[in-house]
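Chains as they are written, first to last, in our numbering: chain U, 1 to 234; chain P, 235 to 802.
Idealized CB from N, CA, C, for every residue including glycine.
All values reported here derive from a predicted model rather than from experimental measurement.
Following: one structure in structure tokens, then a few remarks.
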Amino acid sequence: MGGQGVERREILRYIGIAAVAASFPGFSKWVFACPMDHPPSPAAPAPANSYQPLFFSAQQFRMVEHFAEMIIPEDDTPGARQAGVAEFIDFMVANRVPVSGSRDIRSTADAIAAGSELQTRFLAGLDWMNARSQSEFQKAFLDCTPDQQNSLVEELAYKTKFTPTTESGRAFFQLIRDYTVVGYYTTKIGLQSLGYPGLRQVWPKMPGCPHPDDPEHLKLREPSSSDSATQTHS
Amino acid sequence: MPTKGSKVFDAIVVGTGAGGGTAMKILCQAGLQVCAVNSGPRIDPDVDYRGHRQVYDLKYRGYGDPVRLKGKAHQEPYSVEESEYSEGRDLFEHDVAYSNAPGTDWYWKRCKATGGKANFWGRSSARFGDIDFKAADLDGFGENWPVDYAEIAPWFSKAERYMGVASTIQNRPSNPDGEYLPPIPLRCIDYIIQKGSEKIGVPYLPDRCAQLTVAHNEHPACHYCGNCSRGCDVGSFFSPTWFTIPEAEATKNLTLLTNALVRSVLVDVNGRARGVAYVDRKSKREVEVYGKVVVLAASCVETAHIMLNSKSRHWPTGIANSSGELGKNLCEHLYGNPGYGYLPQLLGQPATPDNIADSTVAWMPRWQNVKNPHEEKFIRGYSVYMGGGCGDFPGYYGQLEGFGSKFKRDIKRYYPTTIGALIQAPTLPSPNNYVDIDPEKKDIFGIPQLRFHFQWGQNELLMWEHSKQVMIDLFKAMGGELWGAGEEPDRPGTSLHETGVCRFGNDPKRYVTNKWAQTHDVPNLYICDASIFPNCTDKTTTMPIVAFTMRTCDHMLDNFKKSVHVRA
Chain U
1 MGGQGVERRE ILRYIGIAAV AASFPGFSKW VFACPMDHPP SPAAPAPANS
51 YQPLFFSAQQ FRMVEHFAEM IIPEDDTPGA RQAGVAEFID FMVANRVPVS
101 GSRDIRSTAD AIAAGSELQT RFLAGLDWMN ARSQSEFQKA FLDCTPDQQN
151 SLVEELAYKT KFTPTTESGR AFFQLIRDYT VVGYYTTKIG LQSLGYPGLR
201 QVWPKMPGCP HPDDPEHLKL REPSSSDSAT QTHS
Chain P
235 MPTKGSKVFD AIVVGTGAGG GTAMKILCQA GLQVCAVNSG PRIDPDVDYR
285 GHRQVYDLKY RGYGDPVRLK GKAHQEPYSV EESEYSEGRD LFEHDVAYSN
335 APGTDWYWKR CKATGGKANF WGRSSARFGD IDFKAADLDG FGENWPVDYA
385 EIAPWFSKAE RYMGVASTIQ NRPSNPDGEY LPPIPLRCID YIIQKGSEKI
435 GVPYLPDRCA QLTVAHNEHP ACHYCGNCSR GCDVGSFFSP TWFTIPEAEA
485 TKNLTLLTNA LVRSVLVDVN GRARGVAYVD RKSKREVEVY GKVVVLAASC
535 VETAHIMLNS KSRHWPTGIA NSSGELGKNL CEHLYGNPGY GYLPQLLGQP
585 ATPDNIADST VAWMPRWQNV KNPHEEKFIR GYSVYMGGGC GDFPGYYGQL
635 EGFGSKFKRD IKRYYPTTIG ALIQAPTLPS PNNYVDIDPE KKDIFGIPQL
685 RFHFQWGQNE LLMWEHSKQV MIDLFKAMGG ELWGAGEEPD RPGTSLHETG
735 VCRFGNDPKR YVTNKWAQTH DVPNLYICDA SIFPNCTDKT TTMPIVAFTM
785 RTCDHMLDNF KKSVHVRA
């Protein structure tokens with residue numbers, strides 16, 4: 001691949017940027033978690049479960065991590081946990097960084113107000129989930145079985161399962177889903193799972209459409225899921 | 235007391251963007267001693283551009299530190315151009331505030347670094363044609379430009395040859411063809427959109443894109459890293475940073491002042507320009523620099539701001555404003571998203587490198603009111619850019635319900651399929667749309683602030699509604715599914731294509747400059763930016779700014795030869 005040389009130089013660049021990013025604890029997890037390119041060195045294993053949350057309590061952080069993995073699980077590509085999504089959410093919420101919502105931010109005061117509201121919404125949402133699981137299954141959310149957890153989240157995620165009493169829960173689910181999607185697809189792992197072409201930084205030319213004989217693209221066949229799994233790793 | 239310069243230059247050029255950069259290059263190459271005055275710092279591509287960094291290299295993944303602008307006079311972040319890739323660098327204007335009159339919501343995005351917004355521009359480079367220059371003849375509204383296509387075409391050719399523009403010959407009456415490098419090839423989404431467009435009678439053709447598909451004038455061919463809108467690391471598209479500024483410096487005739495915020499044009503006893511006064515941002519001291527000719531290229535409304543603030547015995551309402559037209563007739567492109575959705579034909583296909591050129595590969599050049607100027611409910615016309623395909627973030631995820639493996643597979647399945655539109659609709663000149671000086675507010679340097687008065691007019695709002703119907707028809711015709719459209723157009727100012735405010739025309743009573751962009755009142759004061767354009771057409775401004783600047787400088791050099799201007 002033409003991009004290999006640049007890719008190598010990029011590693012050097014990461015080291016430079018690592019100084020900037022050092023205060024972001026999730027950094028080591030996501031930037032070096034690229035198993036295909038750089039097998040993890042056995043001398044320096046990523047320290048699992050040693051993360052100290054900046055904003056959430058340890059209990060809340062486990063819940064965020066669990067939620068993120070439920071939203072983007074590991075399957076044929078790594079999931080939210082491996083991409084450090086919970087660390088990302090904790091960092092962004094601690095620093096009051098809005099990644100979703102339509103609030104118009106025109107000043108630092110607006111940004112702080114939006115960020116503070118965000119913190120409140122996260123805490124209230126996690127409480128809401130526990131209250132809901134207590135009322136449905138008499139257990140905290142994390143103590144529920146996977147089936148119970150799924151049913152609790154499904155009623156927030158699918159229109160056909162909405163009920164009139166779950167508006168706050170749905171708003172929270174949308175919020176944590178936004179943060180999870182952003183947290184995942186802004187990592188190398190997430191972008192690789194999509195096949196993001198911009199990971200390669202030198203192309204000899206722009207290839208253009210490979211099917212000019214079928215301009216309407218009516219003859220394309222959608223690959224079956226096993227085909228697409230192969231594509232992902234190619 | 236201001237610090238006075240000791241040297242008198244042949245020419246002073248205010249601003250180093252598309253217009254100012256081109257002016258100083260031409261004047262320096264002609265042997266003139268030029269002082270270029272730039273509002274902000276010198277840009278350094280190695281540090282200030284994105285380079286090949288990825289979003290995961292950034293501490294806030296591109297969202298930026300939310301309190302980074304704390305304490306600044308203008309804290310609103312700028313979309314698109316300003317990003318976390320340049321965070322911590324002082325490239326964009328946050329120290330100088332501006333005002334909006336009640337009911338106006340202008341979004342004034344300013345890059346003060348050398349090269350200005352042309353470091354990060356979108357690169358669409360269509361020629362204006364007689365359909366634009368002579369629009370008044372065609373539909374009876376307003377007035378013609380003081381030039382026609384035959385006169386300007388050679389300058390468009392010069393600008394295209396210099397910049398390098400990729401496109402194809404299309405033979406459309408609304409869009410004269412130029413001299414082009416090989417086009418950027420169409421993508422899967424483009425072929426599908428093109429077939430659908432054909433069915434509804436709308437053209438969809440390669441854009442005129444100032445991007446080097448092949449090496450050009452010693453600038454390397456594009457390597458398709460896809461990071462153009464955060465600056466090109468090697469100069470494979472036209473920008474002052476890679477083109478005009480180094481060429482001007484190579485002549486050794488250039489003195490480049492940075493962090494020098496021009497507040498006014500100085501005049502002599504006869505009311506002629508004799509230099510400019512600027513505030514040195516670091517020392518906050520006022521400094522004067524002198525020249526035989528002054529060129530303003532501060533980016534449209536800032537040019538008017540400087541002129542309105544240049545009051546003297548001779549020019550009580552601002553320099554060269556005997557017509558009273560200075561600041562009037564502010565025009566802008568209405569931007570907005572008239573439709574977005576996806577193409578089911580492409581569901582589940584492997585990722586394709588759709589955005590490695592980071593450009594508008596193809597567009598819908600104006601097709602309305604072309605055969606007959608009154609075909610539609612509105613006059614003139616608009617164009618539409620289409621984008622989509624595999625990008626750097628699956629922004630469409632909000633359309634997909636649920637969570638878990640199915641959700642994750644859906645995100646991947648839709649990745650190559652999503653598309654969206656961007657309308658580029660010209661506003662018509664209106665007496666309600668103008669800039670003036672805020673009578674009360676001054677910026678932190680003591681300079682009276684600029685104030686905007688601007689509302690969308692009915693003509694452009696009719697275009698906006700029209701474009702939404704076109705998108706409904708297009709999605710149907712190409713077998714796509716429309717998800718929605720923007721509820722409202724983007725805020726005025728978003729497009730960065732402001733024009734007007736120093737319009738050119740033959741009548742000194744009604745126009746600020748003559749057809750050469752030389753002010754009627756002050757013969758040694760020239761303007762090299764889009765403020766001279768009487769309206770904004772459906773095309774972008776950068777390439778025409780370069781072309782008109784080349785022409786203006788040619789005229790100015792002629793005036794030096796004829797001793798209309800005398801060298802220092």
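Residue state for Q288/P is assigned as coil, using DSSP reduced to three classes. T256/P places its beta carbon less than 7 Å from that of T783/P. Around P215/U, the beta-carbon contacts reaching into chain P at under 8 Å are Y425, I426, Q428, K429. Under the 7 Å criterion on CB atoms, R421/P is classed as interfacial with respect to chain U.
In this model, Q602/P and G460/P are separated by some 32 Å (Cα to Cα).
Contact check for I434/P against A264/P fails: the beta carbons are separated by 7 Å or more.
A Cβ-Cβ distance of about 21 Å is found for the pair C443/P and T733/P, leaving them out of contact under the 8 Å criterion. F88, F91, M92, N95, R96, V97, P98, V99, S100, I105, R106, S107: these are the residues of the region 86-107 of chain U whose beta carbon lies less than 9 Å from some beta carbon of chain P, given in chain order. Here G253/P is near C762/P, since their CB atoms are less than 7 Å apart. In this structure, DSSP gives M620/P an extended state, which the three-state scheme calls strand. Two segments are said to touch when three or more pairs of C-beta atoms, one from each, lie closer than 8 Å; by this definition the region 596-612 of chain P does not touch the region 540-553 of chain P. For the pair of segments examined, the region 327-341 of chain P was found not to touch the region 516-532 of chain P: the number of CB pairs separated by less than 8 Å stays below three. Cβ proximity to chain U below 8 Å picks out nothing from the region 317-341 of chain P. The DSSP-derived three-state label of G552/P is coil. In this structure R106/U is exposed. Its beta-carbon is surrounded by fewer than 16 other beta-carbon atoms within 10 angstroms. Residue ranges of uninterrupted beta strand (DSSP E) with 3 or more members, entirely inside the region 480-534 of chain P and ordered along the chain, are 488-491, 494-501, 507-514, 520-530. Check the Cα spacing between F91/U and each of D143/U, A140/U, F61/U, K139/U: the tightest is with F61/U. As DSSP reads the structure, I657/P sits in a beta bridge with G570/P, V618/P.
Of all residues in the region 704-721 of chain P, only M712, G713 come within less than 8 Å of chain U when Cβ atoms are compared, listed by chain position. Under the 10 Å beta carbon count, I403/P is surrounded by fewer than 16 other beta carbons and is classified as exposed. Interface annotation, L156/U: not in contact with chain P, CB-CB separation never under 7 Å. Distance from the CA atom of S240/P to the CA atom of K545/P, rounded to whole angstroms, is 24 Å.
Judged by DSSP in its simplified three-state form, C443/P adopts strand.
When Cβ-Cβ separations below 7 Å define contact, A68/U makes no contact with chain P. Taking the beta carbon of P726/P as reference, no residue of chain U falls within 9 Å; the closest one sits roughly 15 Å away. Excluding residues up to 5 positions away in sequence, A507, R508, S544, S546, H548, W549, I553, V756 lie with their Cβ nearer than 8 Å to the Cβ of V501/P in the same chain. In the same chain as P723/P, and ignoring 5 residues on each side of it, the C-beta atoms closer than 6 Å to its own belong to L568, G570, W698, in chain order.
Non-local beta-carbon contacts of I645/P in its own chain, meaning distances under 7 Å to residues more than five positions away in sequence, involve P628, Y631, L634 in chain order. Per DSSP, V746/P has no beta bridge partner at all.
Using a Cβ distance threshold of 7 Å, N493/P and P275/P count as a contacting pair.
Contact between T774/P and S320/P is ruled out by a C-beta separation of about 23 Å, above the 8 Å threshold.
Contacts with chain U at 7 Å (Cβ-Cβ) do not include R442/P. K238/P is classed as exposed because its beta carbon has fewer than 16 other beta carbons within 10 Å across all chains shown. DSSP places I671/P within a strand segment (E or B) once states are collapsed to three. Think of a sphere of 8 Å around the beta carbon of V202/U: the chain P residues whose beta carbon falls inside it are H457, Y458, C459, in chain order. Annotation: the region 322-378 of chain P contains no complete segment of the beta strand (DSSP E) (minimum length 3 residues).
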